[in-house]
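*Asks:* Okay, handing you the structure first.
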Ligand code: DGT
Ligand code: CA
Ligand code: ZN
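Dropping the structure here:
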C-alpha cells in the first residue's frame, strides 16, 4: 500500500507551506488529508483506480490531483519545486520539539541554518540567541528538543516495533516450516520496554545456517549487517535493525533468558549462580562441565532457587529477591481485560460513528466499554457542548437497549481547564455513567493542583494520560507524581495507563509507584479508530512492568464490581 508514503508527502507539503508562511486553512487541509490517509484501512491505489478518492472525507480536488500525480509518476511537481526553496533538512529540523516553522524560517533567512548540525552550531556560538524573540528559556527548550529527537531517531517505540517483530516471526515460521522447533522475541521488546534499539529474535533449530540464509534473504531486507553460522543482523526497510540467533535443541531456554536480559538482571543471575557453584551462560546452567539445565527458562530459574520471572520484571529492581521467596505477584494479562474505558467516536475527533466503534470493541470479546468523547472546551477536537452530550447520552442508552450481552457506558473525556475547573458542571457529569478527566492545554499552569482538584470531584473516575508526555515529541508537564498518586488513593480515583503507542502514560516506573502506594489504574486505548484497539497489549505490558495485578486494574472487573467501585455509587 502507498498510503503511508503519500501521507508522509502531504505532511511534508504542510510543513513547507507552514515554513513559507502560507494561510492556515491551506496548511490544515494538507495535515488533515495526511492523517486521513495514514488512518484509513482502504488501499489508496485501489480507491484511485476505481475513481473513488472523493469518498475519503476531507480530501479536496487540489489534493486529489496531487495524489493521482504521485500514483502515476512517483513524484509531485509542485512539491519538487518547493523543495528547492527550503533548508536541506527542513523536515528533520521541524521534527525537533520546540523548533517551529516560524523560528526555522527566521534562522534560515538570518543565519543560513539548513541542517540540524547548523542549528547545534548556532546554539553553541550564541548566534541563535541574538535573533529577535529568542530568550534563554527558548534556546534551552530547543536544545532539549534536539536531544529528544536524537533518542527518537535511534530508538523505536514499542508500538512500532512489536507489529514488525510479529510479522517477521510469522514469515520465518511459514517459510521455515518444520525446521523451526520454537521461536520467540527477546531483548527489550520481550520485556515490553517503551522504546527498543533493535528487535531481537531467538529460534530453536537444527538448521541454523539454513534459517540464517532465509532470514537475510527476506524481501524487505535493505542491508545485511552481519551473518554467521548462528547469528545474523539485518536492516529492514532501512529502518529496523533485526538480530536473529539460532540455537540447537537443549539450549533454547538458556538463549531466551540470556538474550532477553536485561543486562542488569543477567549480571545478578550470574552472581546467584556463582554462589551455588554453578555457571550460567547462553547455552545453559553448568555444574562443573556438566550441563544441568538449558531447554526451558523455568528450569534455569528453578536451579537457581527461584520461580520463573516474567520478562517485564527483569530489570533487577527487586524481582530476583522476591522470586527467591517465591512471592512474585500474578501480573495482569491481556485476557483479564473486560472493557476498554476510553473510546472516541466521530462525535468528537474519532473516525467512526458510535455503532461501528461499539461493534469493533465488542468484537474483541470485551463485556463492556465507555464512550468518552471530548468535552466542548476541546475545540481542536470538535468537543461536545452540553446539549450535544445530552443527545449523545440518549443515543447511547437507546443502542444499549438493543444489546443483550454487552454494555456501553455513556462517558466523557472531560477537559481539566486552565483554572482547575472541569469543562462540564456536576449536574451534567452526574448524568453520565463514567468520566475520564484529562489535561489537554495550559500545561504550565499548576498541572498537579488541577489534577488533584479533578480527582476530588465525585464524578471523575479516571485521570486520562496523567503526565501528558508523548514518547517521540514531548516530555510531558512537570507533575508532582507522588502527590498525584497520594490523592488518587485518598479520593479513590483511578490513574490511566493510556496504551496509545506514543503515550504509554503512566509509564512503567509511575505505575510501580502507584501500585506500591495502593492506587488503582485503568488500562485504556484512547482509540479513535478500530485498529487502535489493538494497542491494549502495549498498555498491559507497561502495567506489567509496573508490577500491576488484575485486582488493581479496574477494567478487569466485571461491570457490577466496577460500578460498586465508582465514587458516584459509593
Ligand atoms: P535495546 O536493544 O537497547 O533496546 O536493549 P536490549 O536489552 O534488547 O539490549 P541488546 O539488544 O543489546 O541485548 C539483548 C540482551 O542480550 C540484553 O538485554 C542482555 C543480553 N546481553 C547483551 N550483551 C550482554 C552482555 O555483555 N552481558 C550480558 N550479561 N548480557 C548481555
Ligand atoms: Ca535489543
Ligand atoms: Zn485525551
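In this note's numbering, the protein residues as written are 582 to 1151.
Note that beta-carbon positions come from the ideal geometry of N, C-alpha and C, so glycine has one too.
Just so we're clear, the structure is a prediction, and the values are computed from it rather than from any experiment.
Report the three-state DSSP secondary structure of residue 988 (helix, strand or coil).
*Replies:* strand
*Asks:* At which residue ranges does the segment 721 to 804 contain complete alpha helix (DSSP H) runs of 4 or more residues, listed in the order of the chain?
*Replies:* You should have 739 to 757, 768 to 771 and 789 to 797.
*Asks:* With a threshold of 7 Å on Cβ separation, who are the neighbours of residue 776 within its own chain once the five nearest residues in sequence on each side are excluded?
*Replies:* 736, 737, 738, 739 and 1052
*Asks:* Quick one: residues in its chain with C-beta nearer than 7 Å to the C-beta of residue 915, no 5 flanking neighbours on either side, listed in chain order?
*Replies:* 1117, 1118 and 1121
*Asks:* For residue 1113, is the beta carbon positioned less than 6 Å from some heavy atom of ligand 1?
*Replies:* No.
*Asks:* Using CA atoms only, rank isn't needed, just tell me which of 1011, 1046, 899 and 976 is closest to residue 1149.
*Replies:* 1011
*Asks:* Within 6 Å: the Cβ of residue 1097 and any heavy atom of ligand 2?
*Replies:* no
*Asks:* Evaluate residue 772 with the Cβ neighbour count: other Cβ atoms within 10 Å of its Cβ, from every protein chain shown; 16 or more gives buried, anything less gives exposed.
*Replies:* buried
*Asks:* In whole angstroms, what separates the C-alpha of residue 910 from that of residue 1102?
*Replies:* 16 Å
*Asks:* Should residue 1145 go down as buried or exposed, given a rule of 16 or more other Cβ atoms within 10 Å for buried?
*Replies:* exposed
*Asks:* In angstroms, rounded to a whole number, what distance separates the CA positions of residue 587 and residue 1083?
*Replies:* Rounded to the nearest angstrom, the two C-alpha atoms are 21 Å apart.
*Asks:* Could you tell me the distance, in whole angstroms, from the CA atom of residue 956 to the CA atom of residue 1086?
*Replies:* As the crow flies, the alpha-carbon of residue 956 is around 20 Å from that of residue 1086.
*Asks:* Hey, is residue 708 close to ligand 3, as in C-beta under 6 Å from one of its heavy atoms?
*Replies:* no
*Asks:* Could you tell me the distance, in whole angstroms, from the CA atom of residue 812 to the CA atom of residue 1058?
*Replies:* Distance between the alpha carbons of residue 812 and residue 1058: 43 Å.
*Asks:* When you compare the segment 693 to 711 with the segment 641 to 657, are there three or more beta-carbon pairs, one atom per stretch, that lie closer than 8 Å?
*Replies:* no
*Asks:* So, is residue 1015 buried or exposed, given that buried needs 16 or more other C-beta atoms within 10 angstroms?
*Replies:* buried
*Asks:* What does the Cβ neighbour count give for residue 961, buried or exposed, with the cut at 16 atoms within 10 Å?
*Replies:* Per the 10 Å Cβ criterion, exposed.
*Asks:* Please determine, among 830, 862 and 877, the residue with the shortest C-alpha to C-alpha distance to residue 870.
*Replies:* 862
*Asks:* Determine the DSSP secondary structure at residue 1105, reduced to helix, strand or coil.
*Replies:* strand
*Asks:* I'd like the ranges of any alpha helix (DSSP H) spanning at least 4 consecutive residues and lying wholly in the segment 852 to 897.
*Replies:* 878 to 884
*Asks:* Out of curiosity, what's the CA-to-CA distance linking residue 1152 and residue 1049?
*Replies:* With the chain covering 582 to 1151 only, the question about residue 1152 has no answer from this structure.
*Asks:* Does the segment 661 to 674 come close enough to the segment 586 to 604 that 3 or more CB-CB pairs lie under 8 Å?
*Replies:* yes
*Asks:* Starting from residue 1031, trace the alpha helix (DSSP H) in both directions and tell me its first and last residue.
*Replies:* 1028 to 1036
*Asks:* Taking C-beta to C-beta, are residue 1131 and residue 917 nearer than 7 Å?
*Replies:* yes
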